[in-house]
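Quick notes on the structure that follows.
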Amino acid sequence: MTAVLACTGLARTFGALRAVDGVDLALPAGARHALIGPNGAGKSTLFQLLTGGLRPSAGRVCLDGRDVTRMSDARRARLGVGQTFQHSSLFLSMTAADNVALAAERTGGRPWSPVPRRNPALARRVDQLLGDVDLLGRRGVPVSSLSHGECRQLEVAVALATAPRVLLLDEPAAGLSPAETARLAALIQRLPADITLLFVEHDLDLVFRLATRVTVLHLGKVLLSGTPDEVRDSAEVQEAYLGTGRRADLFLPPDPVADPAPDPAAARDPATGPA
Amino acid sequence: MPAWIDVHFISLLNGLAIGSLLFILAVGLSLIFGMMDVLNLAHGVLFLGGAYAAWGIAGESPSWPRFVAALVVAAVAGALAGTGLSLLVERLARRSHLDQALLTLGLTLIAADGLSIAFGDDVHAINPPPGLDASTLILGKAYPVYRLALIGLGAVLAAAVHLVVERTSIGALIRATVADRHMVASVGVDERRIKLWVFAVGAALATTAGVLGAPIYGARPGLDGTVLILALVVVVIGGLGSVRGALIGALVIGEIESLGRAVLSDLASFVLFGALALVLVVRPRGLFGAPTGARS
Amino acid sequence: MTTPARRRLAAVATLAVLAVLAAVPLVLGSYASTTLARILAFALLASSLDLLVGITGLPSLGHAAYAGAGAYAAGWVAIHATRSAPLTLVAAVAAGALVAVVAGSVAVRARGVFFLMLTLAIGEIVEQLAQSWHSVTGGSDGLYSIPATELAGISLGDVRGFTWFVLGVFVAAMAVLHRLVASPLGATLRGIRDNEARMRALGYRTYHYKLAAFVIAGAFAGLAGGLLAAQQRLVTPADLGFATSGPVLLAVIIGGEATPWGPCLGAAIVVVLRDVLGPSLGGHGSLVLGAVFVAVVFLLPGGLARIRNRLHAGGTHR
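Protein chains in written order, with numbering that gives the first Met the number 0: chain X, 0 to 274; chain W, 0 to 295; chain L, 0 to 317.
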C-alpha cells in the first residue's frame, strides 16, 4: 500500500552542517505520527523539507507515490498538504472568521473573483470549522485580540479549511498552558480518521497520548522509529535526550531510610513527575 | 586590436570612469542597506550636495587648493549629514524598514528643494582642476586626463576599501553585521555606534563622489534622481552589503551607460532594465549578495 | 450606530460630497475647476497605488510609469487617431496594463524595501525610455498640442464640461476599485499583505495574485494618466518619473493607506501644496510637502485617515 506521505534519503546541508542526513519516513493513510528529538536534531528542517519550505540537498519526497520533491510549498498545498506553523501564522488585520474564510475560499470559493458576492455555503463551513475548534463564540474577534491558546486553535482551523489529506503540525502545543494543551489534544483526537497526521512536538506527554507511531530524530538521522512504548523503553533514545543510557547515572543513589524507592515509571519519563 | 574595440575604446574608458564614480557612491548605499536594512533614498541628494559644493567653493575653473577644499568640505558635510540621518532613522528603529526608507524620501525632498533654493535652478558645469584638465593621447585618440585620474582613484579606493573590509577588525565587524546583525548585537557590540559610523562614512563617500563627479556631470536639479537610480541598480545587481559586488556592479553599469549608449543609443535603457531583470530572476540576492539579502 | 445605518450615512455623505464637487465648475472659476480636475486624476492615481501599497503590501515607488504610459497612449491616439473619449481612455488603460505586466513580472518577485528599490529603478528607466524614443513620445519635448477630448461628438474643450467628464470617470473608476477591494480578490490580496507565507502554505499562487494586483493597479494608473493628458493637453517624460511617483506615494501615506478615501485626501493635499500654494511659497511646494511627509511619518503611523479610526476606537480595520 502506498504511503500517503513518504520521504527517502532526505538530506539537507547548510554549509558544513548536515541538518538532515538521510531520513526515510513513510506515513500510511490515517497515521498519527509524531516526530520528536532533542534540540538541534533537525526536526524543523525535516518539517520544512516535507512541506516544501526548503529544497533538499538530496533525497525525495513523495505524496501518494508521486514525486513532489521539486514542487513548491504552494503546489504541495494544492495537492492536499496542510500545515500549521510553530509561531502562530495568522492574518493579523482580520477577524477569526475572516482568517478561516480566506483559507476556505481557496477550495470552496472563487478567491480570484473581483466581484463581491455572498457565499452562504462558505459561511456555514467557516462556522463549522470554528465550532470544531471551540472558537465559534470568538468568530468576530480580531486575531490580534485572541489569546495565545486561541491562536493555536485557530491555526488548526485555518489549516483544516482547505480539507487537506495530510496535515503537518509544527509544535502545536508550543507555549500553551496545561489546560490549553489538553484542549488542543482533544481537538486533535477529534480529527477525521482519514486525515494523515504528522506532528513535531516537544511535549512528550502529548506525544504519547496522541501518536500511534513515533520517529526519533537525532543529529539529522533517524534514531528509532516505532510505537510509543518502544521509543519510551529505548536506551538509545534516553541517551540522546539525557546524555546517558544508564538510569543509575541520572539520579543520586537513593538513601533507603530518608528517601523511599523512586517510582520506576517516573524515572523512565522525564517529562512527568511521580503521578 | 579588433576594429570594434578601437572604435569604442573611448566609450570603454568612459565606462570605467563612470564605474569608478558609481563605486564610490554605491558602496556606501550597499553597506548601509546590508548592515541596517535601511534604504537610504537620500544618497542621490547627498551626491548632488557634493556637486553643488564643488561649484560653490571651487567655481567653474577651480584651482587645486579650492578643489581640495571642496572635497574636504563635502566629506565633512556628508559625514555630518549621515550622522543626522542615522539619528533620525534611529527614532523609527521600531517601525518597519519601509517607514525608515520613506523617511529618507521625505528628507530627500526637503534637501533637494533646499539645494534649489541655495544654488538656483541653472545647470552648472565645472572644469577639472589644473593639470587634470588636458587631454592625452591613447591609441591615437584624445582622452580627458581627469577621467583617467578618476579611474585610477577608483582603483585605489577599491583596493583600500577591500583591505579595510577584508583585513581589519573593523572590516570583520562590518562583514559580520551584514551576515547576521542580531548575532553581532548579542555578542555585545554596540549596534548604534556602528550604524552611526557606517551612515556617516557612507554619506561622506556620496558627497565626495559628487565633488569628484562634478567635472563630468556638473550640478543641476534632477541629477540626484538620475544618480540614485544608477546607484540602486548597482546595489541590486552587485548584492547588498558586498563591497566586491558594488565594484563589479558599478563597472557593469558604468559600461552599460557608456558603451551601451554609444552602441545601442536609445536601447541602452532596455539593456539596463534587462540586466536588472536577469539578475533578479537568476540570482535574486545579487551577484555577491549575502544569502539573506532580499529581506522584507 | 448599526451597520445598515452607517452605510446609509456613508452613502448620503458621499452623494453630498459629489454634489459639492459637481457644483465647483458652476460656482467657482475656471482655475478652481482645472485644479479640481487635476486633483481627481491624481486621486485616482493615488487610489490605484493604494491597491498595491495598502491592500497587497507592495510599496511601489515607480507607479507614475504606468500613469505616464497611459498619458502618452491617450495623447498619441488623440493626435494621430481619434479624439473620442472612450477610445483614448481605453488606449490609456491598455498601455498602463501592458507596461505593468512587463514590469510587474520582474518586480513582484521581490518584497518590501527590495521591491521599493526595484520599482523605483524601473520607473526611472521607463522615464529615460520616454526621453529617448523621439519618434513616438517626442523625446524631452514630450507630446504637445493634444487636441481636446470629445465625448459622443461633443467637444469637451470648455473647462466646465471637461471637469464634469473627469468627475464622471473618477466616480465610475472609484466605484469599480472599491468593489474590487471588497471582493474575494481583495481579501486574497490582503491575506498576501498580512502573511504571504501563510497564503502559500494554503496553496495560493501568490506570485500570480501579486502580478494581477500590479497589472490592475497599472491599468487604473493608466486611466488616471489618460485623464491628466486630456487635462494638460501635454505629456512630458517628467510625468513618468520620480517627480510624480514620489508625490503619489506620499499622497497615499499622508492620507492613509488601505482606507477608502485616504489616498484621495492625500492626493488633494499634495496637489494643493505643490501646485496651488507652491507659487506663493516661492515655488517651494516640494519642500513643504517633504516636511509634511516627515511629520506624518514620525507622528501619524497610518496617515491622516487613521486619525478618525483612532478617535472612534474600534473602527473596522481594512
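Built from N, CA and C at the ideal position, the CB exists for glycine as well.
Can you pull the DSSP bridge partners for residue i?
{"i": "Ser268 of chain W", "result": "Ser268 of chain W is not bridged to any residue."}
{"i": "Val295 of chain L", "result": "BP columns for Val295 of chain L are empty, so no partner."}
{"i": "His32 of chain X", "result": "X:Leu197 and X:Arg212"}
{"i": "Pro143 of chain W", "result": "W:Ser134"}
{"i": "Leu279 of chain W", "result": "None, per the DSSP bridge assignment."}
{"i": "Val165 of chain X", "result": "X:Val80 and X:Thr195"}
{"i": "Ala102 of chain X", "result": "Answer by DSSP bridge pairing: none, since Ala102 of chain X is not bridged."}
{"i": "Val221 of chain X", "result": "X:Leu216"}
CA-CA distance, residue i and residue j?
{"i": "Ala25 of chain X", "j": "Ala2 of chain X", "result": "6 Å"}
{"i": "Phe22 of chain W", "j": "Ala211 of chain L", "result": "36 Å"}
{"i": "Ala192 of chain X", "j": "Val89 of chain L", "result": "55 Å"}
{"i": "Trp163 of chain L", "j": "Val275 of chain L", "result": "20 Å"}
{"i": "Leu138 of chain W", "j": "Leu147 of chain W", "result": "14 Å"}
{"i": "Asn194 of chain L", "j": "Ala53 of chain W", "result": "48 Å"}
{"i": "Ile215 of chain L", "j": "Ala5 of chain X", "result": "41 Å"}
{"i": "Val270 of chain L", "j": "Thr68 of chain X", "result": "53 Å"}
{"i": "Ala99 of chain L", "j": "Arg182 of chain X", "result": "49 Å"}
{"i": "Val230 of chain X", "j": "Asp169 of chain X", "result": "20 Å"}
{"i": "Gly130 of chain X", "j": "Thr180 of chain X", "result": "18 Å"}
{"i": "Val215 of chain X", "j": "Glu200 of chain X", "result": "11 Å"}
{"i": "Val251 of chain W", "j": "Pro128 of chain W", "result": "28 Å"}
{"i": "Met198 of chain L", "j": "Cys150 of chain X", "result": "17 Å"}
{"i": "Ala266 of chain X", "j": "Ser88 of chain X", "result": "Because Ala266 of chain X sits at a pLDDT of 44, beneath the cut-off of 50, its placement in the model cannot be relied upon, and the following sentence gives the value as read from the coordinates. In a straight line, the C-alpha of Ala266 of chain X is about 37 Å away from that of Ser88 of chain X."}
{"i": "Leu167 of chain X", "j": "Arg191 of chain W", "result": "41 Å"}
{"i": "Ala68 of chain L", "j": "Thr136 of chain L", "result": "10 Å"}
{"i": "Val72 of chain W", "j": "Ala25 of chain W", "result": "20 Å"}
{"i": "Leu53 of chain X", "j": "Ser134 of chain L", "result": "49 Å"}
{"i": "Gly240 of chain L", "j": "Ile54 of chain L", "result": "23 Å"}
{"i": "Ala40 of chain X", "j": "Leu16 of chain X", "result": "12 Å"}
{"i": "Val142 of chain X", "j": "Asp97 of chain X", "result": "9 Å"}
{"i": "Gly174 of chain X", "j": "Ser144 of chain X", "result": "17 Å"}
State the DSSP-derived secondary structure class of residue i, mapped to helix, strand or coil.
{"i": "Asn308 of chain L", "result": "Confidence is the limiting factor: at Asn308 of chain L the pLDDT is only 48, short of 50, which leaves the residue's position unreliable, though a coordinate-based value still follows. In this structure, Asn308 of chain L counts as helix in the three-state DSSP scheme."}
{"i": "Pro141 of chain X", "result": "strand"}
{"i": "Val114 of chain X", "result": "coil"}
{"i": "Asp20 of chain X", "result": "strand"}
{"i": "Val188 of chain W", "result": "coil"}
{"i": "Leu121 of chain X", "result": "helix"}
{"i": "Thr180 of chain X", "result": "helix"}
{"i": "Arg108 of chain L", "result": "coil"}
{"i": "Val11 of chain L", "result": "helix"}
{"i": "Leu190 of chain X", "result": "coil"}
{"i": "Leu38 of chain W", "result": "coil"}
{"i": "Ala160 of chain X", "result": "coil"}
{"i": "Asp202 of chain X", "result": "coil"}
{"i": "Ala5 of chain X", "result": "strand"}
{"i": "Glu256 of chain L", "result": "coil"}
{"i": "Glu149 of chain L", "result": "strand"}
{"i": "Ala172 of chain X", "result": "coil"}
{"i": "Thr12 of chain X", "result": "strand"}
{"i": "Leu142 of chain L", "result": "strand"}
{"i": "Ala146 of chain X", "result": "Sequence check: residue 146 of chain X is Ser here, not Ala. Note: Ser146 of chain X maps to coil in three-state DSSP."}
{"i": "Ser154 of chain L", "result": "strand"}
{"i": "Val175 of chain L", "result": "helix"}
{"i": "Leu229 of chain W", "result": "helix"}
Requested in this report: Report yes or no: do the segment 165 to 182 of chain L and the segment 247 to 256 of chain L share at least 3 C-beta pairs separated by less than 8 Å?
Outcome: no
Report task. Indicate whether the contact test is met: 3 or more Cβ pairs, each with one atom in the segment 232 to 243 of chain W and one in the segment 270 to 284 of chain W, closer than 8 Å. Result -> yes
Query raised in the report: In chain order, which continuous runs of the alpha helix (DSSP H) of length 4 or greater are located wholly inside the segment 92 to 141 of chain W?
Result: Complete alpha helix (DSSP H) runs here, min 4: 96 to 118.
Query - Minimum length 3: unbroken beta strand (DSSP E) runs contained in the segment 38 to 98 of chain X - result: 57 to 62 and 80 to 82
Query raised in the report: If you pair each beta-carbon of the segment 56 to 68 of chain W with each one of the segment 196 to 208 of chain W, do three or more pairs fall below 8 Å?
Result: no
Query raised in the report: Taking one C-beta from the segment 37 to 51 of chain L and one from the segment 59 to 75 of chain L each time, how about it: are there three or more such pairs within less than 8 Å?
Result: yes
Report task. Determine contact between the segment 172 to 190 of chain X and the segment 94 to 107 of chain X, defined as no fewer than three beta-carbon pairs at a distance below 8 Å. Result -> no
Query raised in the report: Counting Cβ pairs closer than 8 Å, one from the segment 204 to 221 of chain W and one from the segment 110 to 128 of chain W, do we hit at least three?
Result: yes
Query raised in the report: Do three or more CB pairs link the segment 47 to 61 of chain X to the segment 127 to 147 of chain X at distances below 8 Å?
Result: With the cut-off at 8 Å, the segment 47 to 61 of chain X and the segment 127 to 147 of chain X do not touch.
Query raised in the report: Is the number of C-beta pairs between the segment 193 to 205 of chain X and the segment 30 to 47 of chain X that are closer than 8 Å three or more?
Result: yes
Query - Touching by the beta-carbon criterion (3+ pairs, under 8 Å), the segment 145 to 154 of chain L and the segment 19 to 38 of chain L - result: no
Requested in this report: Return the chain-ordered ranges of every alpha helix (DSSP H) run that is complete within the segment 34 to 107 of chain L and spans a minimum of 4 residues.
Outcome: Along the length of the segment 34 to 107 of chain L, whole alpha helix (DSSP H) runs at least 4 residues long occupy 63 to 79 and 84 to 106, reported in chain order.
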